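Protein chains in written order, with the working numbering: chain G, 899 to 1201; chain X, 147 to 507; chain S, 4 to 408. Below you'll find the structure, written out as structure tokens, and then a few comments.
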Amino acid sequence: MTFLSYLIQGISLGSIYAIIALGYTMVYGIAKMLNFAHGDVIMVGGYMCFFATSGLRGNFPDGSVAQTVVPGLAGLLLAMAVCTLLGVTIERLAYKPLRQAPSLAVLITAIGVSYFLQNGAQVLWTSNPKVCTSVIGRGAITLGGLSISHVILLTVAMCVVIMVALTWFTGNTRMGKAMRACSEDKAAAQLMGINVDATISMTFAIGSALAAVAGVLFTSAYPTLMPTTGALPGIKAFTAAVFGGIGSIPGAMLGGILLGVIETFAKGYISTQVSDAIVFAVLIIILLVKPAGLLGKRIPEKV
Amino acid sequence: MKRMTKKNRANFLTYGGVILAYLLIRVYDGTVGLSSMIQGLLVPICAYVTMALALNLVVGVSGELSLGHAGFMSVGAFSGTAAAIALQNAIPLAPLRLAVAMAIGAAFAALAGFLIGIPVLRLNGDYLAIVTLAFGEIIKSVFNNLYVGLDAKGFHFSFLNDTVSSRLGAGGKLLIGGPMGISGIKIISSFTAGIILVLLTLVIIFNLVNSRAGRAIMAARDNRIAAESVGVNVTKYKMMAFVTSAALAGAAGGLYTMSLSTVVANKFDFNTSILILVFVVLGGMGNMWGSILSASFLTLLPELLRKFNLDQYRMLVYAIVLIIVMVVTNSPFLQQLVENVTGRFKKEAPAEAEEGGEGNG
Amino acid sequence: MKKFLALLLALTMVLALAACANNGGNSTPSEAPSAAPLETPSEAPAENPAEGATAAFKLGGTGPLTGGAAIYGLAAQHGAEIAVEEINAQGGVQFELNYQDDTHDAEKAVTAYNTLKDWGMQISLGSVTSKPCEATAAKNFEDRIFALTPSASSTAVTEGKDNVFQMCFMDPNQGSASAQYIFDQKLGEKIAVIWKNDDVYSKGIRDTFVEKSGELGLEIVSETTFADGNDTDFNVQLTDAKNAGADLVFLPMYYTPASLILSQANAMGYAPKWFGVDGMDGILTLEGFDTSLAEGVMLLTPFNADATDEKTQSFVTKYQDKFGEVPNQFAADAYDCVYAYAQALEAAGATPDMSAEELNDLMIAQFTSMTFDGLTGESMTWDTNGAVTKAPKGMVIQDGAYVGM
């Protein structure tokens, strides 16, 4: 019984990592950059959701279905709109001028953006934590003594839906194909008449919208919001993306869930004190056995 | 031959610059007087400069992105500082004790670098980066759970739980207290010691880079397969750079910690690793002089911003400056401008910064 | 690239020189811009005799004003600001307050401290958080500048330093007081402890709590930890406590993780008794927090924003008007620090033209002998180690408010 409850807790934690990792892997796959500011975009999404729900909640009768659903949806839409705008603006101002620069220069700029968002959030919204009322409600279903909260069910479902949608999008639409082309070879894609700049901007728009969804779900599961809330889930999700094979969409999902499960088991059965060390040790072992991650493509070295 | 001498001259200019800066600061301090704030920052700046140089050896020269270098700093800081406390009576002379402690820190960090290097250097690019990040986090976690005590019978160790305190004999003392870190450190680091460490680091790095091994390291960076095909043992040379860098980082960690009276494992986290990486990238990869300047500048910047009473806007301004500097230094327009201005010298001194740009191939 | 670096160097030099030349950058413009005000603190009033009447004691403190721990630093800064305003308005002892950011880091704290020293700090509020305060306290001791920290509670802060004092309880006292309280009131038999494994504050309390529980025969059935970067998901820790049958969970931590623990325990239907420490104070005023989750939480805290006495009420109202938030314990501690200074300086007959060292000796004599009534306790006294003696108030949360136990 303990085992099952740990497993469910692991999957729920992992699905949160997975949903963040999807955005990470998407941007990495196409723009070939580690967007360290991704976690902070999630934080902004969380704050947007907080403002929408706390602002609208009072307009509905207590306990009604509308009181949960309407502010929740509004929060999600506001978060997606703001984050998409933010993501595209960041891309335009900070990353686009560095298109030709070495990849490390872009990485450092992303870190600058991450500092900027964290400190900007502190100035705008103070460092006092805010508690976001869950957009989903605190209920849970019970299956033979095991309780699974609605948040977890919704997160897992969203994760699968987003994964399938992204896979379909990159595989079947015109824009998706352009993205894959850019990911393979930007110069060649340009020669084929693909607008590389527009494609990368689009990638950031999608990635940031995903970050907004992740932000809303993250704050529903872990409601206390601070300007630094996004930083560490961001790193964990990055780890998850590498775990699954960075650039691979199903890999991000698998990596995220596995990471969550391993972390929970390490905490539950070995020691809460060194659980992080254990997670990272497993990551190292996996990468040594499969150097491109679980589902990553091993690109042969060209001579 | 001609190129070699040019390079040597550039190296001597770097040594000269560091010594000159040292003398200028000393003279300024002796005549006008430095503010306490700047005085307090001198040793941390030396430590950060050493860290930046050490990381530049891995990222710029060897072409491997390491996101966990603060881990080596941590190993050096904890082992070196614990050694300094243990040797307090054995070596009463503070500068000598500092030197021995830093050497011990460097040795432990080198050992850690070797052990970590074995798996890490088999990987490439971003996967290597994430594994170094993972090791950095593991080192942090280990020091957060490690207890080391010292009494007449020698060292006592324990992990996870503090069983050391109860086992210590009379006069014994807990050196490393898990999450409490080390407290009550005697401040024995000095600016002079810091500058000596920076100079020593430069000597080691320049000699390595200009040796047969250094050329092999750079050949492996530029094209691993080509280097292997001409019989270069890539792993061996990469390991050489990695271990050297780890040892230097360890010495810097010792210097840093012994300039403060307290240290905790969380200081050497991912953010610190990233901070050092920022120094290296801003200074130009493979460009040692650039690392020295950018580490000094970026350490001073947020402190100098205090003067403007920005309060909570201070770090926001720092972030904006960082982004603008990255965008401006990499803008094609500015690079063109620099090229035009320095065009005459272009043939003689190719910009080293661009050489190591794409180190992930 | 090289050109740009040269430019950076030049800029750094200019800024550095500006910083050196302008030592008193933060002070009032009327002060003579002497190159080294610290060496000649007594000269300033002599040069400006007109200023003698309104001269103020330079009071400096460091704390995290940015970054993840900023709530604590900002609260202390705000609390001290209000106290300074009130005291200055009364016309007696005058203060000039300067808070510098240390981002909860020892190195930055020393830099912040040195900045204050350059400014001419005469008496110090130490640092807000423990580890940075250990570093600045060593400096205080070395420079003979008296320090009274509002909230740095680890023992290493005051250990071996005759001029560093604390306004808050020392961590070990809290741990043993909590265990004693639980034992005396028979609150629980099987106890679980969740603590933060990379935090001096949490670890300090946990150590003495566990030790004291052992002495008293309280059974600790589950002990789990969390750390930075792993402080959002507490399901495993709670499952462990629940499976072990713990009927009381001790939470030596600040209120941010505690709020998450309470909501996750609620979601999994686990409802033991909760027992917190002073860091838990502030949980009720978290914006958006469902206070029903904290129903029945017990804590030992020296300050209570809901208290009905006039002093607390006036402080809370002023704080809310000025900063739009309900003050927490950090703000109250810092507020008390400034008032304790005012009382001590008045009693010692100190004047702002005294050097930091003279004030240091006067303050040591005063603090070890005086009794102080503040927001965070009545008739507080200090021993020669700098530790405060005040009675912790046992509180329980009922209907979203503290009620004395």
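Ideal Cβ positions, reconstructed from N, Cα and C, are used throughout, including at glycine. It should be emphasised that the depicted structure is a prediction, and the values quoted were computed from it without experimental measurement.
In this structure, the straight-line span from the alpha carbon of ARG147 (chain S) to that of ASN235 (chain X) is close to 26 angstroms. Within the region 984-1000 of chain G, those residues whose Cβ lies closer than 7 angstroms to any Cβ of chain X are, in chain order, ALA992, PRO995, LEU996, GLN998, ALA999 and PRO1000. For ILE126 (chain S), the uninterrupted beta strand (DSSP E) run begins and ends at 126-130, by DSSP. DSSP, read as helix, strand or coil, puts SER407 (chain X) in coil. Listed along chain G, no residue sits closer than 7 angstroms to LEU159 (chain X) by beta-carbon distance, the nearest being about 25 angstroms off. In the structure shown, GLN1171 (chain G) falls within a coil segment according to DSSP collapsed to helix, strand and coil. The region 346-364 of chain S and the region 121-139 of chain S touch, with no fewer than 3 CB-CB distances between them shorter than 8 angstroms.
Residue contact check for CYS1030 (chain G) against chain S: a CB pair falls below 9 angstroms. Between the region 274-291 of chain S and the region 1021-1029 of chain G there are three or more inter-stretch CB-CB distances shorter than 8 angstroms, so the stretches are counted as touching.
Proximity of the region 338-350 of chain S to the region 88-97 of chain S meets the contact definition, three or more beta-carbon pairs being nearer than 8 angstroms. Taking one beta carbon from each stretch, the region 1099-1107 of chain G and the region 1121-1133 of chain G have fewer than 3 pairs nearer than 8 angstroms; the two do not touch. Shown here, SER225 (chain S) sits in a strand according to DSSP, grouped into three states. For LYS111 (chain S), same chain residues with a beta-carbon under 6 angstroms away, outside a window of 5 residues either side, are ASP105 in chain order. DSSP places HIS107 (chain S) outside both helix and strand once states are collapsed to three, so it counts as coil. Fully enclosed beta strand (DSSP E) runs of no fewer than 3 residues occupy 167-169 of the region 158-196 of chain S, in order along the chain. It is roughly 14 angstroms from the alpha-carbon of CYS1080 (chain G) to the alpha-carbon of GLN998 (chain G). Within the same chain, HIS81 come within 7 angstroms of PHE326 (chain S) by CB-CB distance, once the 5 residues on both sides are set aside.
Judged by DSSP in its simplified three-state form, GLN1020 (chain G) adopts helix.
Bounds of any alpha helix (DSSP H) do not take in THR374 (chain S), whose DSSP letter is neither H nor E.
Across the set X:LEU439, X:THR309 and X:GLY396, the C-alpha of X:THR309 shows the shortest separation from the C-alpha of LEU296 (chain X). In this chain, LEU991 (chain G) is not harboured by any alpha helix (DSSP H), its DSSP state being neither H nor E.
Judged by pairs of C-beta atoms under 8 angstroms, the region 365-372 of chain X does not touch the region 400-417 of chain X, as fewer than three such pairs exist.
Under the DSSP definition of a beta bridge, PHE278 (chain S) partners with S:PHE253 and S:MET301. Put simply, the region 1148-1158 of chain G does not touch the region 931-949 of chain G. Fewer than three CB pairs are less than 8 angstroms apart. Per DSSP, TYR258 (chain S) lies in no beta strand (DSSP E) segment; the continuous alpha helix (DSSP H) that holds it begins and ends at 258-270. Here ILE197 (chain S) is buried: its Cβ has 16 or more other Cβ atoms, across all protein chains shown, within 10 Å.
Two segments are said to touch when three or more pairs of C-beta atoms, one from each, lie closer than 8 angstroms; by this definition the region 191-202 of chain X does not touch the region 226-233 of chain X. Those residues of the region 1050-1065 of chain G placed with their C-beta closer than 7 angstroms to a C-beta in chain X do not exist. Around the beta-carbon of PRO190 (chain X), 16 or more other beta-carbon atoms lie within 10 Å, marking it buried. Counting of Cβ neighbours within 10 angstroms places VAL131 (chain S) among the buried residues, the total reaching 16 or more. Among the CB atoms of chain S, none fall inside 9 angstroms of the CB of LEU314 (chain X). Think of a sphere of 8 angstroms around the beta carbon of ALA411 (chain X): the chain S residues whose beta carbon falls inside it are ASP201, in chain order.
Residue state for THR309 (chain X) is assigned as coil, using DSSP reduced to three classes. If the five residues before and after THR211 (chain S) are omitted, its C-beta is found closer than 6 angstroms to the C-beta atoms of PRO175, GLY178 and SER179, all from its own chain and listed in chain order. Residues of the same chain with a CB within less than 6 angstroms of the CB of ASN331 (chain S), apart from the 5 flanking positions on each side, are ALA78, ASP284 and GLY285 in chain order.
Three or more Cβ pairs closer than 8 angstroms define a contact, and the region 205-222 of chain S meets that threshold against the region 179-194 of chain S.
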